[in-house]
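> Take a look at this one; I'll ask things after.
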RNA sequence: GGGGCCGUAGCUCAAUUGGUUAGAGUACUGGACUGUCGAUCCAGUGGUUGCGGGUUCGAGCCCCGUCGGCCUCGCCA
């Protein structure tokens, strides 16, 4: 046995015991005839002392120690001298007086230290991930991830779910995200696709009668990365039979309550609040609004239609809308220059044509370069509509509805962060429900499924499939935490007639549908129960529970924005022999 | 594919905005010191300013290209 305790175990009550600890040398403090060594492992730090009572050999070993050396120290637990306890260490009441010290493995001088104050550049952290993962913050995050996944598994087992693994090598289905492909050696020219999600398999498990299915499933999507998106990520995948939306949401409500209670010490009330998609877009301009703060969007299209300002009235006349938000007390903070930056932000990042603004003066009047285009009464009505008070800043976008949504959502998030409108440690969970079934793809001139083609319409919207696809709402629900989509799911169509109708709207004729999803359509013919489910993005849930701002810090070995693993240098080129076996020729060699 | 920020010692950053020999903290090396815990003190090593061009009497700084990291729009059923 290498050790008797970890570096986080020992307390004053252990005084007098002879113990052996192993770990990494965090720091050493050399006092000549004696030394202090902070010995670190995942469980904590313990101060190990080489005293004048220690042997000359041990002192000599201690003098050899460098940062991140792996050592084993045997000694006696002593209470620290009065006044020398370290309240910042869990083991700070004691220290271990060495009677035997051994270097298990020295360390090359590390490019950075787990304990250093300033975080090194992320490329360096990723290249030497084994050092980065030694940082206590990373260790706490991966422990949190483990704790979350354990509780998820416990919860679903208690509710009689069955954990089923589904294939990683699957079939490419061209809808949706770009697939990662795996060539088949046995079938030259044919490819497997890595799963974007186990969607179709879990539905088939329902047809097979397994009723409650759960899986912690790795998913792959070959799309561009973001702070909250990795090419491979982990979903908590859930599917249930004989359920409607409320049953699935209720199940997840219970899970979130458990996670919040056990990991955050917070009791949340369930059912979680629900808001329709339409309301979310109207009040916040986004289907995953951050509800930790207000600053809701306000529509003044009716006023714009009646005003003299050509930009506003013209937009209203053309069927667009004029909407805005009111940043309380922000007039002084946002100088002309900063407002110019906001204008560039909505133009470049969100496609708006511009940004109109008013500052509310001390006497309640609105000041702005464009104020002269409005009569006083109109300005008063605008201020009233926003409930604007002196010192407030009103920002307005005049454009198509979709553009105002995007631009104002972007503004709202940016301003809230800059104005610190929320407690970054707080969490707000809610459901967004009743998503549209279809989106109109203007480029391709056809309807596309907003979620996926097996999403069931609401019962009361069935008739709209025929005459009002745009107004047709789905049995779909997204779990939103702090402005992030933490998960989403739907009730699936189990009626083949409705499925045919939806395929028809999506421009999939029967032949095409069979070609793509034939195995699922086949399965649905043999007694498919009503079913539905959800998938939660585990990486995002960990990020949110951990109060982190990117998903890479929740993943042991993440990829860079260009989808590289800097530690292993994947992806890499392969031997021509490997390619030949797979009957693959590379058209263009990447320059390297 | 588009927009933006960044790249200077092992690491984190600075360099009076184009001007002498590119600095600091930390790490590292050597030395001193038993009561430190960001130990302290003394001394020292350490630079292709990411890379390649260009402008200039002169470039870390300006221009073009390129590589890499991050943020973001598109994209992500």
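Numbering (my numbering), first residue to last: 20 to 611. From the three backbone atoms N, C-alpha and C, an ideal C-beta is built for every residue, glycine too.
#1: Tell me, to the nearest whole angstrom, how far the beta carbon of residue 59 is from that of residue 41; I am working on the premise that it is less than 8 Å.
#2: Going by beta carbon distance, what residues of the same chain come within less than 6 Å of residue 154, once the five residues before and after it are set aside?
#3: Does residue 605 come out as helix, strand or coil in the three-state DSSP assignment?
#4: Where does residue 9 fall in DSSP's three states?
#5: Who are residue 378's beta bridge partners in DSSP?
#6: Report whether the distance from the Cβ of residue 120 to the nearest heavy atom of the ligand FMN is below 7 Å.
#7: Any contact between the stretch 393–408 and the stretch 271–279? By contact I mean 3 or more CB pairs, one from each, below 8 Å.
#8: Using 8 Å as the cut-off, can you tell me whether the stretch 492–506 makes contact with the stretch 443–459, which would need three or more C-beta pairs spanning the two stretches below that distance?
#9: For residue 301, which residues from the same chain have a beta carbon less than 8 Å from its beta carbon, with the 5 sequence-adjacent residues on both sides left out?
#10: Could you give the C-beta distance for residue 202 and residue 210, rounded to a whole number, given that I count them as a contact under 8 Å?
#11: In chain order, which continuous runs of the alpha helix (DSSP H) of length 4 or greater are located wholly inside the stretch 544–611?
#12: Specify, as a first and last residue, the run of the beta strand (DSSP E) that residue 252 falls within.
#13: Hey, residue 323 and residue 411: beta-carbon distance below 8 Å or not?
#14: Cα-Cα, which of 495, 553, 393 is closest to residue 219?
#15: Going along the chain, which unbroken runs of the alpha helix (DSSP H) with 4 or more residues stay wholly within the stretch 316–371?
#16: Which partner residues does residue 122 have in the DSSP bridge list?
#17: Please return the same chain residues whose Cβ sits closer than 6 Å to the Cβ of residue 557, not counting the five positions on each side in sequence.
#18: With contact counted as at least three CB pairs below 8 Å, one residue from each stretch, are the stretch 503–521 and the stretch 534–550 in contact?
#19: For the stretch 125–140 against the stretch 234–247, do three or more pairs of beta-carbon atoms, one drawn from each stretch, fall closer than 8 Å, so that the two count as touching?
#20: If you run the structure through DSSP and keep just helix, strand and coil, what is residue 515?
#21: Let me check one thing: in DSSP terms, what residues is residue 54 bridge-paired to?
#22: Shortest alpha-carbon distance to residue 366 belongs to which of 332, 547, 354, 429?
#23: Go through its chain and collect everything with a Cβ distance to residue 170's Cβ below 7 Å, but skip five positions before and after it.
#24: Could you tell me the boundaries of the alpha helix (DSSP H) in which residue 506 lies?
Looking at the atomic coordinates:
#1: For this step, residue 59 is matched to residue 40 along the first chain. For this step, residue 41 is matched to residue 22 along the first chain. With a Cβ gap of about 10 Å, residue 59 and residue 41 do not count as contacting.
#2: Translated into positions along the first chain, residue 154 becomes position 135. Excluding sequence neighbours, residue 154 sits near 133.
#3: The residue you call residue 605 lines up with position 586 of the first chain. Coil, per DSSP.
#4: What the structure shows of the chain is the stretch from 20 to 611, and residue 9 is not part of that stretch, so it cannot be assessed.
#5: One-based indexing of the first chain puts residue 378 at position 359. Paired residue(s): 386, 412.
#6: For the structure depicted, the ligand FMN is absent and the ligand set is empty, with no information on it obtainable.
#7: no
#8: yes
#9: Along the first chain, one-based indexing puts residue 301 at 282. Contacts found: 316, 318.
#10: By one-based count along the first chain, residue 202 stands at place 183. By one-based count along the first chain, residue 210 stands at place 191. Going by Cβ atoms, the distance from residue 202 to residue 210 rounds to 6 Å, so yes, they are a contact pair.
#11: 557–564, 595–600
#12: The residue labelled residue 252 in the question sits at position 233 within the first chain. Run containing residue 252: 251–260, per the beta strand (DSSP E) assignment.
#13: Residue numbering aside, residue 323 sits at position 304 when the first chain is read from its first letter. Residue numbering aside, residue 411 sits at position 392 when the first chain is read from its first letter. Cβ atoms of residue 323 and residue 411: not closer than 8 Å.
#14: Counted from its first residue, the first chain places residue 219 at position 200. The shortest Cα separation from residue 219 among 495, 553, 393 belongs to 553.
#15: 320–324, 329–336, 355–369
#16: One-based indexing of the first chain puts residue 122 at position 103. Looking at the DSSP assignment, residue 122 forms a beta bridge with 90.
#17: Working through the first chain from its first residue, we reach residue 557 at position 538. Only 253, 255 meet the Cβ criterion.
#18: yes
#19: no
#20: The sequence position of residue 515 within the first chain is 496, counting from 1. DSSP places residue 515 in helix when its eight states are reduced to three.
#21: Reading the first chain from its first residue, position 35 is the one you call residue 54. Paired residues: 49, 69.
#22: The count along the first chain starts at 1 and reaches residue 366 at position 347. When each option's Cα is compared against that of residue 366, the closest is 429.
#23: Here the question's residue 170 lines up with position 151 in the first chain. For residue 170, where only same-chain residues beyond five positions count, the Cβ hits under 7 Å are 277, 278, 281.
#24: Here residue 506 is taken as the residue at index 487 of the first chain, counted from 1. No alpha helix (DSSP H) contains residue 506, which is instead part of the beta strand (DSSP E) from 503–510.
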